[in-house]
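First comes the structure, then the notes that go with it.
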Amino acid sequence: MRRDEEGLSEIVRTVARETLAVILVYGLGLAFYGHLTPGGGFPGGVCAACGLVMAVLASGNRSGFVAAIRGRVAALEAFGALGYLGVAALGWTAGQFMQSSLPRGTPFTPEGAPFLVILNLAVLLKVGAGLFAGFAALVAFGREAPPAGGGEGRA
Amino acid sequence: MERFLPLFTAVPLLAGFACLLLKRAAPRAAPALSVASMATLLLLASAAAIRGEEGVAFAGGWGVRSSGEGSFVAGIALVLDGLSRLFLLLVAVVGTASAVFALRYLAPEEGLPLFHVLFNLLVAGMNGALLAGDLFNLYVFLEVASLASVGLVAWRTGGAEVEAALKYLVLGTLSSAAILLGITVLYAATGFLNMADLSVAVSGGAVPRVPLLLAAGLFVAGFGMKTAAMPFHAWLPDAHPSAPAPISAMLSGLLIKTLGIYALLRVLPVVTGMDGDLRAVLTALGLLSMWGGVLLAQAQDDLKRILAYHSVSQMGYVLVAVACGTWLGVAAGIFHAVNHGLFKSALFLSSGSLERVAGTRRLSGMGGLFRRAPATSAGLLGACLSISGVPPFNGFWSKLLILVALLSAGQPAMAGLAAGAALMTLVTFVKVQRKALFGPLPARLEGAREVPASMFLPVLALVLLCLASGLLWPAGVDGLVGSAADAVASPDGGPGAVRAYVERVHGGGPR
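In order, the protein sequence lines correspond to chains A and B.
Here the first sequence is numbered in the numbering used here, starting from 327 and rising by one per residue.
Here the second sequence is numbered in the numbering used here, starting from 27 and rising by one per residue.
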């Protein structure tokens, strides 16, 4: 097994495994309460991506796992961006681009501003997947067969 | 129309991320998506230009609020006026030509969808910067466009390309940092980011002279670096030739104008004011670029490097014209910037075709190509005549207008120097034509063949636009360029244009 596929010691792996879920939920929470507390989709996405990066660093890049999921992560990122654009475009039905077109609930609750929550979740997806895709590109650097005419594989 | 101003950024963003989503499933859809998004933008921009649309859109339905001290903008304003309308049209025209050119120029390979993602992000960034009503959005969109262009310069990932991209990234980041610092200074002093609000605050004396000069200096340095004005030009002769030809066309034809010239024309008059000292600095930068660029181009053998140095030189003309401060100077500068966008993108696209035909970018390796590739050569010839300022092409009229503007502003020496640099440009392009298109055909190029129609037709279309803009400018083009100049300067030299901008923003949208 190559050095980078082994991962770190048993202690680090266990701690990473136990904390990963907490970190992911915390990231999600930052995005969910982004309109009420400091936070939002961007910090939530960064938090979630850091959790995933930590998990990969601790457990190792077994049999090129990271390179294998790169494409899917990029697709997730695009999905987040398109979701954001789509929700923003829905605003036109209420009058203006990015205007809230969904009914508002009780203020100061997570469901008080569903439009903002959806936008924040789309940003979470975009930023989280984007950062992890950047990390995955660095991990995969030089491990994949270079494509014929240059391009992303060696970027 | 103003409700739909966000479409100018939303359409390319949509196309770009759709390319990313379909990267694996339908990689061949990416080029078609790019062409479709550019064609949509062309329709939107033409409609706005023909109908003379003006207006302000407030994202999210926010708008102008009034307090005891006057009106201010809450939220993000997108402003469409004569100046942004003209540049949006230019972006759409050159973007469409480049997207069509790229169809056959770039072979289907693994990285191709990613190229189109970055291409669309580049256009979204430029359009966003053109419509931004506040400094921070201008900065964000400027960064989107800059970073996308860095990725596109490095796209071939050869050693030279990565080196050029790194140089471009470092200098581009420096210039962005200067712009951001300038914004910070003004924000700290006034608490506003919206340009109309800032204009009111600055003219009311809210910013002391030293911070205002500091901010103006930082903007001149930052946007000057984006314009590639000398001495901030070092990145351009490496970065523009390293990119694939359609991207070189976008960078030289559009990016240095939308992020450089347009931003200078928007921010300096409205926010900091263009006083005599600032104009003198711009004149010095312009003069240096005009002559430095053209002299450095003489020594080059690589066709794309010649074109890149000429971009520096031609931006010098624009700066000198704009800096003379009169309405005519501003109009001449804008006209030349738009003309340069048309002929320089035609030149860069035909340099890509010629590289395909001759297998080299070196002029010393070409010759007699007119017989082998007549359509490509005709495109290059027309664009060369435009940039050299040969009548009746558009380059002649805008250079003439610049000379007239300089003379009428009482700067005969500057007019003489500009005429001299124009002569040097003519000399370079006579050399380019003679070496590349005429003369004996090297034995190596006996089998050279014309490029596909989707590569020479966009170039010929751009050259026809150059000719049309030259022939029709007193009738048709004058309206477009005139209203763009009206947005920046008043014919009487007073602050009317800036006041009109502020009134447009403060008078628009829901209250």
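The C-beta atom is built at its ideal place from N, Cα and C for all residues, glycine as well.
Residue i (DSSP reduced to helix, strand or coil)
{"i": "residue 491 (chain B)", "result": "helix"}
{"i": "residue 111 (chain B)", "result": "helix"}
{"i": "residue 532 (chain B)", "result": "helix"}
{"i": "residue 518 (chain B)", "result": "coil"}
{"i": "residue 434 (chain A)", "result": "coil"}
{"i": "residue 590 (chain B)", "result": "Since the first and last residues shown for chain B are 27 and 537, residue 590 (chain B) lies out of range."}
{"i": "residue 460 (chain B)", "result": "helix"}
{"i": "residue 396 (chain B)", "result": "helix"}
{"i": "residue 233 (chain B)", "result": "coil"}
{"i": "residue 249 (chain B)", "result": "helix"}
{"i": "residue 81 (chain B)", "result": "strand"}
{"i": "residue 476 (chain A)", "result": "Interpretation of residue 476 (chain A) is limited by its pLDDT of 41, a score under 50 that renders its predicted location unreliable; no figure is taken from the coordinates."}
{"i": "residue 525 (chain B)", "result": "helix"}
{"i": "residue 27 (chain B)", "result": "coil"}
{"i": "residue 467 (chain A)", "result": "coil"}
{"i": "residue 254 (chain B)", "result": "coil"}
{"i": "residue 301 (chain B)", "result": "coil"}
{"i": "residue 15 (chain B)", "result": "This structure gives no information on residue 15 (chain B), because the portion of chain B shown stretches from 27 to 537."}
{"i": "residue 182 (chain B)", "result": "coil"}
{"i": "residue 106 (chain B)", "result": "strand"}
{"i": "residue 403 (chain A)", "result": "helix"}
{"i": "residue 335 (chain A)", "result": "coil"}
{"i": "residue 96 (chain B)", "result": "strand"}
{"i": "residue 269 (chain B)", "result": "coil"}
{"i": "residue 537 (chain B)", "result": "Any reading at residue 537 (chain B) must be qualified, since the residue scores a pLDDT of 45, below 50, and its modelled position is unreliable; the value itself is stated next. Coil, per DSSP."}
{"i": "residue 416 (chain B)", "result": "coil"}
Closest Cα partner of residue i within the set the options
{"i": "residue 322 (chain B)", "options": "B:200, B:492, B:159 and B:339", "result": "B:339"}
{"i": "residue 220 (chain B)", "options": "B:451, B:187 and B:84", "result": "B:84"}
{"i": "residue 413 (chain A)", "options": "A:403, A:384 and A:444", "result": "A:444"}
{"i": "residue 492 (chain B)", "options": "B:349, B:366 and B:98", "result": "B:366"}
{"i": "residue 504 (chain B)", "options": "B:440, B:390 and B:358", "result": "B:358"}
{"i": "residue 436 (chain A)", "options": "A:415, A:372 and A:366", "result": "A:366"}
{"i": "residue 347 (chain B)", "options": "B:399, B:290 and B:401", "result": "B:290"}
{"i": "residue 437 (chain B)", "options": "B:352, B:377, B:518 and B:477", "result": "B:352"}
{"i": "residue 108 (chain B)", "options": "B:89, B:490, B:156 and B:88", "result": "B:156"}
{"i": "residue 448 (chain B)", "options": "B:464, B:411, B:461 and B:178", "result": "B:411"}
{"i": "residue 388 (chain B)", "options": "B:458, B:429 and B:434", "result": "B:458"}
{"i": "residue 71 (chain B)", "options": "B:42, B:120, B:49 and B:97", "result": "B:120"}
{"i": "residue 350 (chain B)", "options": "B:66, B:140, B:300 and B:225", "result": "B:300"}
{"i": "residue 349 (chain A)", "options": "A:429, A:459 and A:372", "result": "A:372"}
{"i": "residue 185 (chain B)", "options": "B:215, B:264 and B:164", "result": "B:264"}
Check whether residue i and residue j have beta carbons under 8 Å apart
{"i": "residue 333 (chain B)", "j": "residue 285 (chain B)", "result": "no"}
{"i": "residue 374 (chain A)", "j": "residue 465 (chain A)", "result": "no"}
{"i": "residue 295 (chain B)", "j": "residue 524 (chain B)", "result": "yes"}
{"i": "residue 31 (chain B)", "j": "residue 106 (chain B)", "result": "yes"}
{"i": "residue 145 (chain B)", "j": "residue 278 (chain B)", "result": "no"}
{"i": "residue 441 (chain B)", "j": "residue 341 (chain B)", "result": "no"}
{"i": "residue 421 (chain B)", "j": "residue 455 (chain B)", "result": "no"}
{"i": "residue 487 (chain B)", "j": "residue 375 (chain B)", "result": "no"}
{"i": "residue 103 (chain B)", "j": "residue 91 (chain B)", "result": "no"}
{"i": "residue 469 (chain B)", "j": "residue 384 (chain B)", "result": "no"}
{"i": "residue 269 (chain B)", "j": "residue 179 (chain B)", "result": "yes"}
Exposure label - residue i; buried when at least 16 CB within 10 Å
{"i": "residue 134 (chain B)", "result": "exposed"}
{"i": "residue 336 (chain A)", "result": "exposed"}
{"i": "residue 484 (chain B)", "result": "buried"}
{"i": "residue 479 (chain A)", "result": "Summary for residue 479 (chain A): the model assigns pLDDT 37, below 50, so the residue's position carries little reliability, and this model does not support an answer."}
{"i": "residue 398 (chain A)", "result": "exposed"}
{"i": "residue 273 (chain B)", "result": "buried"}
{"i": "residue 498 (chain B)", "result": "exposed"}
{"i": "residue 282 (chain B)", "result": "buried"}
{"i": "residue 93 (chain B)", "result": "exposed"}
{"i": "residue 538 (chain B)", "result": "For residue 538 (chain B) there is no data in the structure shown, the boundaries of chain B being 27 and 537."}
{"i": "residue 422 (chain A)", "result": "buried"}
{"i": "residue 425 (chain A)", "result": "buried"}
{"i": "residue 306 (chain B)", "result": "exposed"}
{"i": "residue 334 (chain A)", "result": "exposed"}
{"i": "residue 477 (chain A)", "result": "Low confidence applies to residue 477 (chain A): its pLDDT is 41, below 50, so where it sits in the model is not reliable enough to give any reading."}
{"i": "residue 127 (chain B)", "result": "buried"}
{"i": "residue 472 (chain A)", "result": "With a pLDDT of 49 at residue 472 (chain A), under the threshold of 50, the modelled position of this residue cannot be trusted; read the value that follows with caution. Answer is exposed; the Cβ neighbour count stays below 16."}
{"i": "residue 326 (chain B)", "result": "buried"}
Below 8 Å between beta carbons is the criterion; list the residues of the region 388-415 of chain A that meet it against any residue of chain B, in chain order. 397, 400, 401, 403, 404, 405, 407, 408, 411, 414 and 415
The region 456-468 of chain A: which residues have C-beta closer than 7 Å to a C-beta of chain B, in chain order? none
Check distances from the C-beta atoms of the region 418-448 of chain A to those of chain B and list, in chain order, the residues that come in under 8 Å. 418, 420, 421, 422, 423, 424, 425 and 426
Just by C-beta distance, which residues in the region 49-70 of chain B are closer than 9 Å to chain A? 49, 50 and 51
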